[in-house]
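Numbering (our numbering), first residue to last: 521 to 631.
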């Protein structure tokens, strides 16, 4: 059953730079994430509100929404271009994930 209030704000950004405003506008007001979930993009000047369009009363897990927002960030970076790209963001996350993994004492001695 579709809920009465069918928008769940998941991100509010108060200071969207002009070049990112253009990128957001190029996507339109509805963006479909690779997961298939749809998000409303409400840009008013420098303020962007990203809202999940709910299909049921039970929203997806927060981690799934975070993954969608990361994909949106990568897409916007690809649209804006210089000097970063969506792939650069993915590479940076992979590096941080490797750094965040606990290491074994044997690995610490070897380095």
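No residue lacks a Cβ here, since even glycine has one placed at the ideal position from N, Cα and C.
Nearest-angstrom Cα separation, counted from residue 541 out to residue 563
Walking along the chain shown from the start, residue 563 turns up at place 43. Walking along the chain shown from the start, residue 541 turns up at place 21. Going by the C-alpha atoms only, they are around 8 Å apart.
Cβ contact check for the stretch 574-585 and the stretch 601-615: 3 or more pairs under 8 Å
No contact exists between the stretch 574-585 and the stretch 601-615.
Buried or exposed, going by whether 16 or more other CB atoms sit within 10 Å of the CB of residue 597?
As a first step, residue 597 must be located in the chain shown, where it is residue number 77. Answer is buried; the Cβ neighbour count reaches 16.
Of the listed residues 566, 599, 591, 538, nearest to residue 532 (C-alpha basis)
Mapped onto the chain shown, residue 532 falls at position 12. Taking only the C-alpha atoms, the option nearest residue 532 is 566.
By DSSP's criteria, residue 559 is part of a beta bridge. Which residues make up the other side?
Residue mapping note: residue 559 aligns to position 39 of the chain shown, counting from 1. Beta-bridge partners of residue 559 (DSSP): 551, 572.
Presumed contact (8 Å Cβ cut-off) between residue 544 and residue 568, rounded CB distance:
Here residue 544 refers to the residue found at position 24 when the chain shown is read from its first residue. Here residue 568 refers to the residue found at position 48 when the chain shown is read from its first residue. Correct: roughly 6 Å between the Cβ atoms.
Are the Cβ atoms of residue 571 and residue 527 separated by less than 7 Å?
In the chain shown, the residue the question calls residue 571 occupies position 51. In the chain shown, the residue the question calls residue 527 occupies position 7. Closer than 7 Å, so yes.
Assigned exposure category for residue 588 - 16 Cβ within 10 Å defines buried
If you number the chain shown from 1, residue 588 lands on position 68. Under this definition residue 588 is a buried residue.
Nonlocal neighbours in the same chain, by C-beta distance under 7 Å from residue 599, ignoring five residues either side:
Within the chain shown, the letter at position 79 stands for residue 599. So the qualifying residues of the chain are 543, 546.
Using the three-state DSSP reduction, which class does residue 536 fall into: helix, strand or coil?
As a first step, residue 536 must be located in the chain shown, where it is residue number 16. Coil.
Taking its Cβ as the centre, do 16 or more other Cβ atoms sit within 10 Å of residue 550, making it buried, or is it exposed?
Within the chain shown, the letter at position 30 stands for residue 550. Around the C-beta of residue 550, fewer than 16 other C-beta atoms lie within 10 Å, and the residue is accordingly described as exposed.
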